[in-house]
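K.L.:
Here it is, the structure, as structure tokens.
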Amino acid sequence: MTTSLVDHSPTLEIAEIHHWIDGAPVAGGSGRTGTVYNPALGKSRARVDFASADDVDRAVAAARAAFPAWSTTALGKRAAILFKFRQLVDAHAEELARAIVSEHGKVLADARGEVQRGLEVVEFACGIPHLMKGEFSENVSTNVDSYSIRQPLGVVAGITPFNFPVMVPMWMFPVAIAAGNTFVLKPSEKDPTAPMMLAELWREAGLPAGVFNVVHGDRAAVERLIEHPDVAAVSVVGSTPVARAIYERATAHGKRVQALGGAKNHMIVLPDADMPLAADSAVNAAFGSAGERCMAISVVVAVGEAGDRLVPMIAERARGVRVGSGFDEHSDMGPLVTGEHRDRVARYVDEGVRAGARLVSDGRAAHAGDGFFLGPCVFDNVETSMSIYHDEIFGPVLSVVRAATYDDAVALVNRNPYANGVAIFTNDGGAARRFQSEIQVGMVGINVPIPVPMAYYSFGGWKASLFGDAHVHGMEGVRFYTRGKVVTARWPDPALRGKDLGFPTA
Ligand code: NAD
2 MTTSLVDHSP TLEIAEIHHW IDGAPVAGGS GRTGTVYNPA LGKSRARVDF
52 ASADDVDRAV AAARAAFPAW STTALGKRAA ILFKFRQLVD AHAEELARAI
102 VSEHGKVLAD ARGEVQRGLE VVEFACGIPH LMKGEFSENV STNVDSYSIR
152 QPLGVVAGIT PFNFPVMVPM WMFPVAIAAG NTFVLKPSEK DPTAPMMLAE
202 LWREAGLPAG VFNVVHGDRA AVERLIEHPD VAAVSVVGST PVARAIYERA
252 TAHGKRVQAL GGAKNHMIVL PDADMPLAAD SAVNAAFGSA GERCMAISVV
302 VAVGEAGDRL VPMIAERARG VRVGSGFDEH SDMGPLVTGE HRDRVARYVD
352 EGVRAGARLV SDGRAAHAGD GFFLGPCVFD NVETSMSIYH DEIFGPVLSV
402 VRAATYDDAV ALVNRNPYAN GVAIFTNDGG AARRFQSEIQ VGMVGINVPI
452 PVPMAYYSFG GWKASLFGDA HVHGMEGVRF YTRGKVVTAR WPDPALRGKD
502 LGFPTA
């Protein structure tokens, strides 16, 4: 990678980040920029261009111009570029992970894991010749054959959140591009460097200019993108209000849309569970990445006598989480992404205390220099009427709700409007089996707190965590980025000449 796009070291250096259009960096024309922070230092490290409608139009025009040649490039050649891209991402995984830490703040090991999970989608997409195969039926009528093919849509757009600047875009574009589409990515304005590095790696892999483009920015860029007449489909991952608004607006403009929203993930712990395992899992899943994961556990539902044994174990483990810079190998948890977000999360903790929940681990005093730090906070005796229960906080705050029975716990989870991920901890196979059937959530873990599906399955929630009917990657991703066509064919046979106005039968 030749990039000098931005300095990835933990030290401070202000850089400018431009768009990536038609295979090269392009300065924006709007004059508007955003500040990119190094959250561990609490200081700005870069300025990122915010796209105007004209900038978005340029990116879409480049993608549109690239589509005819790319969509007709032989499957084997497309796969070869995917393989090369996979090799380059792997070779540059450490630089990508360091860029993530510099702007998101998560710890380096976690950032490496993020790159790995993104890479797995590229590996899945390398199989595109197999994934695009259609079906063939011989003799659907006498001497008539029928077959189905899947074809790419055209220019497709991806709008992604700050919390996985590599993995979430890579849920989308490897499959979209492998299937023959061209792509315009609007990544989060909070950590835009890693997506630019991916653009460079695509170029190095031999992807033709214009097939992958990046425009940075805010609502203005998104609105132009989702209304653009040359954009055929939109994938968005973000908070529920944003995902819902984009879904409604983009579908109103005739786009195919998949929109993944926010979450409030519950972990039910039955009294027969392995309590130390459940406590470890709750803490790992609540405070990994400072709780800024859409699959983070934010509510533990302790059933019956489980709570009295579990809560002290969780509190003790939470107090032992080491908070510091993501580059420090002793840190378990980094800062929050911005000072504004840290303050918002801290306000929720204050609200929880005022509402009468019992704060058994208080991370509000955690700080290191000017960084946007907040330590792990654990509440017990949380009621569903409290804001710490019903709002998505997206920070290191874990609520424990008590439930009398398994049925009460399941009913509580099923009443929640979000339905991204859920887990149950139990040693009772029958209870687990009932749970997987009765729970109304898209991704279910059984003694697994963060049940993120592998790339060859599809990822997505239900209810207010998903708008549209397609999950990302896996076969749902392939279907989302292609459309079906069925051909009915027969070869001329003089014996078939003659008048026949009837509806054909076999
Ligand atoms: P966000 O909703 O603020 O932003 C998501 C994207 O939309 C960004 O690119 C942003 O620039 C853009 N955007 C923001 N406001 C907009 C507006 N008014 N109109 C149009 N576009 C707008 O989300 P975030 O804070 O970057 O990320 C965290 C959220 O994403 C959390 O709610 C989290 O649960 C969710 N998330 C969900 C999943 C999932 O798979 N369901 C995965 C990761 C993150």
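Per my numbering: the sequence shown = residues 2 to 507.
Note that beta-carbon positions come from the ideal geometry of N, C-alpha and C, so glycine has one too.
1. Apart from the five residues on each side of it in sequence, which residues of its chain come closer than 6 Å, Cβ to Cβ, to Ser53?
2. Among residues of its own chain, excluding the 5 on either side of Tyr390, which ones have a beta-carbon nearer than 6 Å to its beta-carbon?
3. Around the C-beta of Ala496, are 16 or more other C-beta atoms found within 10 angstroms, so that it is buried, or is it exposed?
4. Who are the Cβ neighbours of Met1 in its own chain at under 6 Å, not counting the five residues just before and after it?
5. Kindly indicate which three-state DSSP category Lys191 falls into: helix, strand or coil?
6. Mind checking if Val37 is an interface residue toward chain B, Cβ cutoff 9 Å exclusive?
7. Identify the residues that DSSP records as bridge partners of Thr406: which are they?
8. Got a sec, what are the start and stop residues for the beta strand (DSSP E) Val223 sits in?
9. Output the distance between the C-alpha atoms of Phe184 and Pro153, rounded to the nearest integer angstrom.
10. Smallest Cα separation from Val61: which of Gly292, Asp23, Gly262 and Ser438?
11. Run through DSSP, which three-state label would Gly475 get?
12. Pick helix, strand or coil for Asp111, following the three-state DSSP scheme.
13. Between the C-alpha atoms of Asp351 and Asn285, what's the straight-line distance to the nearest angstrom?
14. Using three-state DSSP, classify Gln441 as helix, strand or coil.
15. Less than 8 Å between the CB atoms is what I'm expecting for Pro188 and Pro166, so what's the real figure, rounded?
16. Quick one: grab the DSSP three-state call for Asp23.
17. So Ile425 and Ile269 are in contact, right, with Cβ under 8 Å, and what is the actual spacing, rounded?
18. Under a three-way DSSP split, which group does Val350 fall into?
19. Thinking Phe380 and Gly353 are a contact (beta carbons under 8 Å), I'd like their distance in whole angstroms, please.
20. Between the alpha carbons of Ser138 and Asn182, how many angstroms are there, rounded?
21. Beta carbon of Val346, beta carbon of Pro40: below 9 Å?
22. Our contact map puts Asp50 next to Thr34 with C-beta atoms below 8 Å; I'd like the distance itself, whole angstroms only.
23. Take Gly485 as the anchor and find which of Thr406, Met133 and Val449 has the nearest alpha-carbon.
24. Could you give the distance in angstroms between the alpha-carbon of Ala279 and the alpha-carbon of Ile82?
25. Between which residues of its own chain and Val445 is the CB-CB distance below 7 Å, once the five residues before and five after are set aside?
26. Please work out which residues of its chain come closer than 8 Å, Cβ to Cβ, to Glu121, disregarding the five sequence neighbours upstream and downstream, and give them in chain order.
27. Below 8 Å, is the gap between the Cβ of Asn382 and the nearest heavy atom of the ligand NAD?
28. What I want to know is whether the C-beta of Thr385 ends up closer than 8 Å to one or more non-hydrogen atoms of the ligand NAD.
29. Looking only at C-alpha atoms, which of Ser290, Phe213 and Pro493 sits nearest to Val108?
30. Quick check on Val102: does DSSP put it in helix, strand or coil?
31. Once DSSP output is grouped into helix, strand and coil, what is the label at Met314?
32. Measure the alpha-carbon distance for Ile247 versus Ala126 and round it to whole angstroms.
33. Assess, as a yes-or-no matter, whether the stretch 355-362 is touched by the stretch 314-333 under the definition of 3 or more beta carbon pairs within less than 8 Å.
34. To the nearest whole angstrom, what separates the beta carbons of Ala356 and Ala307, a pair I think is in contact under 8 Å?
35. Measure the Cβ-Cβ separation of Pro397 and Leu375 and say whether it is below 9 Å.
P.N.:
Inspection of the coordinates gives the following:
1. What you label residue 53 is simply residue 52 of the sequence shown in a count that begins at 1. The answer, listed in chain order, is Gly30 and Ser31.
2. Reading the sequence shown from its first residue, position 389 is the one you call residue 390. For Tyr390, where only same-chain residues beyond five positions count, the Cβ hits under 6 Å are Val383 and Ser400.
3. As a position in the sequence shown, residue 496 is number 495, starting the count at 1. When all chains shown are included, Ala496 counts as exposed.
4. Residue 1 is absent from the structure shown; the chain starts at 2 and stops at 507.
5. Your numbering for residue 191 matches position 190 in the sequence shown. Residue state, collapsed to three classes: coil.
6. Among the protein chains of the structure shown there is no chain B, as only one such chain exists.
7. Counting from one through the sequence shown, the residue named residue 406 turns up at place 405. Per DSSP, none; premise fails for Thr406.
8. Counting from 1 along the sequence shown, the entry for residue 223 is found at position 222. Val223 -> not in any beta strand (DSSP E); alpha helix (DSSP H) instead, spanning Arg220 to Glu228.
9. In the sequence shown, the residue the question calls residue 184 occupies position 183. In the sequence shown, the residue the question calls residue 153 occupies position 152. Using only the alpha carbons, I get a separation of about 11 Å.
10. Residue numbering aside, residue 61 sits at position 60 when the sequence shown is read from its first letter. The shortest Cα separation from Val61 among Gly292, Asp23, Gly262 and Ser438 belongs to Asp23.
11. By 1-based counting over the sequence shown, the position of residue 475 is 474. Three-state DSSP puts Gly475 in a helix.
12. Within the sequence shown, the letter at position 110 stands for residue 111. Asp111 falls in the helix class under three-state DSSP.
13. Start at 1 with the first residue of the sequence shown, and residue 351 comes out as number 350. Start at 1 with the first residue of the sequence shown, and residue 285 comes out as number 284. Rounded to the nearest angstrom, the two C-alpha atoms are 23 Å apart.
14. Along the sequence shown, one-based indexing puts residue 441 at 440. Note: Gln441 maps to coil in three-state DSSP.
15. Counting from one through the sequence shown, the residue named residue 188 turns up at place 187. Counting from one through the sequence shown, the residue named residue 166 turns up at place 165. That pair is a contact at about 6 Å.
16. Stepping through the sequence shown from its first residue, residue 23 is reached at position 22. Residue state, collapsed to three classes: coil.
17. Position 424 of the sequence shown, counted from the start, is the residue given in the question as residue 425. Position 268 of the sequence shown, counted from the start, is the residue given in the question as residue 269. That pair is a contact at about 5 Å.
18. By one-based count along the sequence shown, residue 350 stands at place 349. DSSP, read as helix, strand or coil, puts Val350 in helix.
19. Counting from 1 along the sequence shown, the entry for residue 380 is found at position 379. Counting from 1 along the sequence shown, the entry for residue 353 is found at position 352. With 8 Å as the limit, Phe380 and Gly353 qualify as a contact, their Cβ atoms being about 5 Å apart.
20. In the sequence shown, counting from the first residue as 1, residue 138 sits at position 137. In the sequence shown, counting from the first residue as 1, residue 182 sits at position 181. Straight-line Cα distance between these residues: approximately 27 Å.
21. Within the sequence shown, numbered from 1, the residue matching residue 346 stands at position 345. Within the sequence shown, numbered from 1, the residue matching residue 40 stands at position 39. Not in contact: Val346 and Pro40 (Cβ atoms no closer than 9 Å).
22. The residue given as residue 50 occupies position 49 in the sequence shown. The residue given as residue 34 occupies position 33 in the sequence shown. Between Thr34 and Asp50 the Cβ distance is about 6 Å, and since that is below 8 Å, they are a contact.
23. The residue you call residue 485 lines up with position 484 of the sequence shown. That would be Met133, whose Cα lies nearest to the Cα of Gly485.
24. One-based indexing of the sequence shown puts residue 279 at position 278. One-based indexing of the sequence shown puts residue 82 at position 81. Ala279 and Ile82: Cα-Cα distance of roughly 43 Å.
25. The residue labelled residue 445 in the question sits at position 444 within the sequence shown. Excluding five sequence positions before and after Val445, the CB atoms of its chain that fall closer than 7 Å to its own CB belong to Val423, Gln437 and Pro452, given in chain order.
26. Looking up residue 121 in the sequence shown gives position 120. Met455 and Ala456.
27. By one-based count along the sequence shown, residue 382 stands at place 381. Proximity of the beta carbon of Asn382 to the ligand NAD is not indicated: no heavy atom of the ligand is located closer than 8 Å.
28. As a working mapping, residue 385 is identified with position 384 in the sequence shown. At a cut-off of 8 Å, the beta-carbon of Thr385 does not count as near the ligand NAD: no heavy atom of the ligand is closer than that.
29. Translated into the one-based positions of the sequence shown, residue 108 becomes position 107. Closest by alpha carbon: Ser290.
30. To locate residue 102, count along the sequence shown from 1; it is residue 101. Here Val102 sits in helix by DSSP.
31. For the purposes of this step, residue 314 is taken as the residue at position 313 of the sequence shown. Helix at Met314.
32. Here residue 247 refers to the residue found at position 246 of the sequence shown. Here residue 126 refers to the residue found at position 125 of the sequence shown. Straight-line Cα distance between these residues: approximately 26 Å.
33. Flag = yes, the stretch 314-333 and the stretch 355-362 touch.
34. Locating residue 356 in the sequence shown gives position 355, where the first residue counts as 1. Locating residue 307 in the sequence shown gives position 306, where the first residue counts as 1. Between Ala307 and Ala356 the Cβ distance is about 23 Å, and since that is not below 8 Å, they are no contact.
35. Taking the sequence shown and counting its residues from 1, the one referred to as residue 397 is at position 396. Taking the sequence shown and counting its residues from 1, the one referred to as residue 375 is at position 374. The answer is yes: Cβ separation under 9 Å.
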